[in-house]
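Report on one structure; see the data block that follows.
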Amino acid sequence: MASSQGYLEYVLDLLSGVEGLTTRKMMGEYLLYSEGTLFGGVYDDRLLIKETPASASALGATAVPYEGARPMRLVDSDDGDALSRLVGAVCAELRGGPARRACR
Numbered sequence: 487m488a489s490s491q492g493y494l495e496y497v498l499d500l501l502s503g504v505e506g507l508t509t510r511k512m513m514g515e516y517l518l519y520s521e522g523t524l525f526g527g528v529y530d531d532r533l534l535i536k537e538t539p540a541s542a543s544a545l546g547a548t549a550v551p552y553e554g555a556r557p558m559r560l561v562d563s564d565d566g567d568a569l570s571r572l573v574g575a576v577c578a579e580l581r582g583g584p585a586r587r588a589c590r
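Numbers given in the numbering used here equal positions in the sequence shown, counted from 1, plus 486.
Right, dumping it as structure tokens:
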């Protein structure tokens, strides 16, 4: 099931405090970026954030965005300020993570 435009608009309003927030539509869902860093997405009208120490300590439940994907943290809060701070922490962790090997 594809996510609705209305739910995406709700999420964008909720995350209005996130620096450089952009989206990319992909296969009926929406990927979320902060200053070029992919931190989560809207999948089946659910806001999911990538698994990092910050997201694990702030959010309890996990969910998979689609079959075969890694679990992500399910957001069930409507506190935009707290979520914007969490996204900032998650992105800092993602940017500081180990370098990935180049594909061969």
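Virtual Cβ for every residue (Gly too), placed ideally from N, Cα, C.
Note the first and the last residue of the continuous alpha helix (DSSP H) segment covering Tyr516.
Sequence index remark: in the sequence shown, residue 516 carries index 30 (1-based). From DSSP, Tyr516 is part of no alpha helix (DSSP H) but of the beta strand (DSSP E) over 515-520.
Count the other CB atoms, across all protein chains shown, that sit within 10 Å of the CB of Leu524; report buried if there are 16 or more and exposed otherwise.
Counting from 1 along the sequence shown, the entry for residue 524 is found at position 38. Flag for Leu524 reads exposed.
Please report the straight-line C-alpha distance between Leu507 and Gly574, rounded to a whole angstrom.
The residue you call residue 507 lines up with position 21 of the sequence shown. The residue you call residue 574 lines up with position 88 of the sequence shown. One C-alpha to the other measures close to 11 angstroms.
When we look at the beta-carbon of Ala542 and count the other beta-carbons within 10 Å, is it buried (16 or more) or exposed?
Indexing the sequence shown from 1 puts residue 542 at position 56. Result: exposed.
Taking Cβ positions, are Leu533 and Gly522 nearer each other than 8 angstroms?
Along the sequence shown, one-based indexing puts residue 533 at 47. Along the sequence shown, one-based indexing puts residue 522 at 36. The answer is no: Cβ separation not under 8 angstroms.
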